[in-house]
Amino acid sequence: MARSPHISLKRAAFGALSLTMVAGALAFTSSIAGSQNGGCPGSPVAQFGGTKLGSFAGGSSFATSESYAASIPAGTYDLRGASHDAYEGRDTAPAQLNEKWFAQMLDANGNVLATSGTSADLPDGIASASWAGGMGLVTLSAPATQIRVVHAHQTTDQSEPNSVFPTCLGFSLIAPTTTSTTPPPVVTTAPPVVAGVIDTTTPTSAPTPTPSLAPAPAPSPAKPSFTG
Numbered sequence: 000m001a002r003s004p005h006i007s008l009k010r011a012a013f014g015a016l017s018l019t020m021v022a023g024a025l026a027f028t029s030s031i032a033g034s035q036n037g038g039c040p041g042s043p044v045a046q047f048g049g050t051k052l053g054s055f056a057g058g059s060s061f062a063t064s065e066s067y068a069a070s071i072p073a074g075t076y077d078l079r080g081a082s083h084d085a086y087e088g089r090d091t092a093p094a095q096l097n098e099k100w101f102a103q104m105l106d107a108n109g110n111v112l113a114t115s116g117t118s119a120d121l122p123d124g125i126a127s128a129s130w131a132g133g134m135g136l137v138t139l140s141a142p143a144t145q146i147r148v149v150h151a152h153q154t155t156d157q158s159e160p161n162s163v164f165p166t167c168l169g170f171s172l173i174a175p176t177t178t179s180t181t182p183p184p185v186v187t188t189a190p191p192v193v194a195g196v197i198d199t200t201t202p203t204s205a206p207t208p209t210p211s212l213a214p215a216p217a218p219s220p221a222k223p224s225f226t227g
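In terms of numbering that gives the first Met the number 0, the sequence shown opens at residue 0 and continues consecutively.
Structure (structure tokens):
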């Protein structure tokens, strides 16, 4: 029994529609993945999840700083950061000029190895605002095991929270920190050289003097003796 050409056309159209829907879903997924990265190129890239920072500690709503575990080798890095903020009514809310943050890199003992530059303020008058850009160069003299994100404008004035979500921070290695493995040169002290004149003549023995015999003195003539 021959198939109806109308059925074949419907199946072909459905197949094309399915492919279009799959392609659209893949494109949407790719867009979401790209937005989650937040425009932070580099390796490694620290992702800060949903941490919301404010100018003052707002209980469970937001904090002035937050720390994250990290593993960043020593070296000099170019930093790229991103941040965002969105809530209902943001487009009509009063302008907040300090929705900014910076990052500190800490070693295993909690010492601050380096501090990034400060992010730019988020644009006002829109429901969802975002920013991505450079955050300076840092040099880590030792591996960083923590990254602390800090609100850049902390105040006791609770009228303007200046809320901001740090999204990510990318590290692009410029130069690794190297340590020399060449041993120091061994310094040896040579004994001093004393300059002098070397006598190259062959020594000769002095002649043995020949003894000379002095002549014996002649005997004196005997004097005559007289008796009488």
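No residue lacks a Cβ here, since even glycine has one placed at the ideal position from N, Cα and C.
Which whole-angstrom value describes the C-beta separation of Ile173 and Met104, a residue pair presumed to lie in contact below a C-beta threshold of 8 angstroms?
Not quite, the Cβ-Cβ distance comes to about 15 angstroms (not below 8 angstroms), so this is no contact.
Would you report the Cα separation of Ser29 and Phe55, rounded to the nearest angstrom?
Residue confidence is low: Ser29 scores 29 on pLDDT, short of 50, so the model does not pin down where it sits. Its coordinate-derived value is still stated next. Near 36 angstroms, if we compare the C-alpha coordinates of Phe55 and Ser29.
Do Ala45 and Tyr67 have their C-beta atoms within less than 8 angstroms of each other?
yes
Going by CA-CA distance only, name the one from Gly53, Ser60, Ala107 and Ala128 that's closest to Ala85.
Ala128
Determine the direct distance from the alpha carbon of Ala126 to that of Ser162, and round the result to whole angstroms.
Rounded to the nearest whole angstrom, the CA to CA distance from Ser162 to Ala126 is 13 angstroms.
With 8 angstroms as the threshold, decide whether the Cβ of Asp90 is near any Cβ in chain D.
The chain inventory of the structure shown lacks chain D, comprising one protein chain alone.
Between Gly116 and Arg79, is the Cβ-Cβ spacing less than 8 angstroms?
no
For Asp120 and Glu87, which I take to be in contact (beta-carbon distance under 8 angstroms), what is that distance rounded to the nearest angstrom?
Going by Cβ atoms, the distance from Asp120 to Glu87 rounds to 21 angstroms, so no, they are not a contact pair.
Flag this pair as yes or no: are the beta carbons of Val148 and Phe47 separated by less than 8 angstroms?
yes
So which of Ile71, Thr144 and Phe61 has the shortest CA-CA distance to Asn108?
Thr144
Can you tell me which residues form a DSSP beta bridge with Ile173?
Secondary-structure assignment with DSSP links Ile173 through no beta bridge to anything.
Buried or exposed for Gly124, please, with buried defined as at least 16 other CB atoms from any protein chain shown within 10 angstroms of its CB.
exposed
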